[in-house]
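In our numbering, the protein residues as written are 40 to 483.
Ideal Cβ positions, reconstructed from N, Cα and C, are used throughout, including at glycine.
Presented below is the structure to which this report refers.
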Ligand code: NDP
Ligand code: 2IT
């Protein structure tokens with residue numbers, strides 16, 4: 040039995056039923072096999088055995104009172120997965136599906152993604168099964184305050200710096216920041232994704248979507264293709280999806296469909312981004328409402344059917360496991376030549392293998408969506424300096440980071456015998472930096 044298989048078996052045995060976490064570990068581990076042939080010192084130091092075990096997983100009760108004076112209880116999580124190269128860093132997800140498996144898969148992926156950015160940030164993630172949908176602002180505030188009352192014991196600007204993810208945007212970050220400051224009497228960069236007025240970075244809002252397109256543009260250009268004239272389908276209509284749309288359009292592509300968990304909207308003339316922003320960002324309504332603003336836009340129920348639409352480039356930007364092998368086959372059959380993961384783990388392992396075997400240009404999440412956390416690290420840098428850069432300065436840095444990630448992943452793929460395979464390249468490049476840091480720091 041191979042070394043990697045032995046470690047995988049032990050992870051399966053220690054984390055029963057945690058399907059998302061096991062999927063994320065499996066996807067990484069088997070791509071690392073060539074590394075251990077060249078680096079037996081990693082095996083001797085038990086790097087792999089240590090990296091799959093979170094340094095800490097904190098689970099806590101979050102009680103709060105809703106608008107009808109009823110006590111509600113949610114469950115809060117923070118996983119501090121790996122702190123070898125910097126303070127733990129990663130978003131908070133508020134969604135009813137959140138559990139330990141989901142938080143651990145996200146935290147595990149974050150280790151390698153954060154490493155790829157080239158910036159000093161370790162891997163972490165957190166969240167709650169709280170559902171912000173349909174809650175009043177005051178309910179969201181009460182929940183955030185209760186959540187932070189507990190979380191504040193474990194985070195800090197040099198310890199662990201959370202940010203947004205699904206269900207956590209500027210509103211939630213504001214409430215969380217305000218409560219941390221009150222509890223600790225400390226004005227520090229404990230969270231990123233803050234408002235511009237109180238320490239946020241320009242371009243953080245746009246960063247994940249823009250970064251995805253900068254990465255995919257590099258991948259397309261290196262293979263003689265471009266976004267110019269391409270038909271693009273984007274799932275989701277949240278933070279990542281909206282700014283991916285904006286950048287695709289700037290580069291001459293046409294986004295013909297977007298979705299939320301109810302269904303998708305389609306418009307052959309291109310989805311009107313202003314309408315989506317009004318409905319989703321300003322009014323917090325459902326995507327089907329866009330049809331009342333733009334006559335040519337049609338709504339269809341069922342979010343996974345979005346992948347039946349014929350497109351050149353598919354950008355899953357909603358959630359994990361959106362694209363399975365059946366959908367992957369459909370996309371390839373319809374002529375899709377590139378897939379970029381804006382969401383975390385939106386494609387199953389079988390789907391990824393199918394894309395790669397069929398020469399689809401594939402941008403894996405750890406590389407392709409790293410622009411958000413990279414810009415969070417730039418926010419941390421600006422907070423430390425007590426200074427702020429202009430939008431253009433941050434955007435140029437973001438673009439350089441995404442191009443560097445592309446180059447690092449390409450070089451690692453080539454060096455370890457999988458030229459052109461961005462999955463292998465991103466996993467190996469991300470892993471080696473963390474492995475070297477762990478080796479240097481001894482068994483901790
Ligand atoms: P938002 O909450 O802003 O938007 C999420 C979007 O995805 C919504 O349209 C939502 O629809 C849809 N969605 C969420 N869960 C499901 C589900 N179970 N089934 C179908 N649709 C769903 O989140 P973000 O845009 O921030 O995050 C999207 C993805 O990108 C996530 O995978 C996240 O981890 C990843 N990501 C985010 C980064 C960031 O900086 N924000 C950075 C890197 C990755 P509905 O409103 O109906 O729930
Ligand atoms: O998945 C992710 O990289 C994020 N949700 C962003 C994390 C961050 O700290 O900005």
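Flag this pair as touching only if the stretch 111 to 120 and the stretch 335 to 351 have three or more C-beta atom pairs under 8 Å; answer yes or no.
Segments in contact, no.
Leaving aside the five residues before and after residue 65 along the sequence, list all residues of the same chain whose C-beta is less than 8 Å from its C-beta, in chain order.
Here the set comprises 47 and 388.
Check whether the Cβ of residue 278 lies closer than 6 Å to any heavy atom of ligand 1, and answer yes or no.
Yes, Cβ of residue 278 sits closer than 6 Å to a heavy atom of ligand 1.
Please return the same chain residues whose Cβ sits closer than 7 Å to the Cβ of residue 153, not counting the five positions on each side in sequence.
For residue 153, where only same-chain residues beyond five positions count, the Cβ hits under 7 Å are 128, 160, 161, 162 and 412.
Considering Cα atoms alone, identify which of 352, 226 and 198 is closest to residue 292.
When only C-alpha atoms are compared, the closest one is 352.
Can we say the stretch 431 to 443 touches the stretch 401 to 418, given the rule of at least three CB pairs closer than 8 Å?
Taking 8 Å as the limit for Cβ pairs, the verdict is that the stretch 401 to 418 does touch the stretch 431 to 443.
Tell me where the alpha helix (DSSP H) around residue 210 begins and ends.
Residues 209 to 223.
Please give the ranges of any alpha helix (DSSP H) in the stretch 167 to 205, keeping only runs that are unbroken, at least 4 residues long and fully inside the region.
The stretch 167 to 205 contains these whole alpha helix (DSSP H) runs: 176 to 190.
By the 10 Å Cβ neighbour count, where 16 or more other Cβ atoms means buried, how is residue 55 classified, buried or exposed?
Label assigned to residue 55: exposed.
Counting beta carbon pairs with one atom in the stretch 431 to 438 and one in the stretch 274 to 294, are three or more of them shorter than 8 Å?
No, because fewer than three Cβ pairs between the stretch 274 to 294 and the stretch 431 to 438 fall closer than 8 Å, the two stretches do not touch.
Going by DSSP in three states, residue 160 sits in which element: helix, strand or coil?
The answer is coil: DSSP assigns residue 160 none of H, G, I, E or B.
Which word fits residue 176, buried or exposed, when buried means at least 16 other C-beta atoms lie within 10 angstroms of its C-beta?
Result: exposed.
What separation, rounded to the nearest whole angstrom, lies between the Cα atoms of residue 250 and residue 108?
Rounded to whole angstroms, residue 250 to residue 108 spans 43 Å at the Cα level.
What are the boundary residues of the beta strand (DSSP E) that includes residue 304?
302 to 305 is the span of the beta strand (DSSP E), which, as asked, contains residue 304.
Count the C-beta pairs between the stretch 375 to 383 and the stretch 248 to 266 that are closer than 8 Å, then say yes if the count reaches three, no if not.
Segments in contact, yes.
Does residue 346 come out as helix, strand or coil in the three-state DSSP assignment?
Helix.
For residue 356, which residues in the same chain have their Cβ closer than 7 Å to its Cβ, ignoring the five residues on either side in sequence?
Result list for residue 356: 273, 274, 275, 279, 280, 283, 381 and 382, in chain order.
For residue 452, which of 73, 92, 206 and 220 has the nearest alpha-carbon?
For residue 452, the nearest C-alpha among the options comes from 73.
Exposed or buried, what is residue 313 when buried is set at 16 or more other beta-carbons lying within 10 Å of its beta-carbon?
Exposed, by the Cβ-count rule.
What are the boundary residues of the beta strand (DSSP E) that residue 340 is part of?
From DSSP, the beta strand (DSSP E) with residue 340 extends over 337 to 340.
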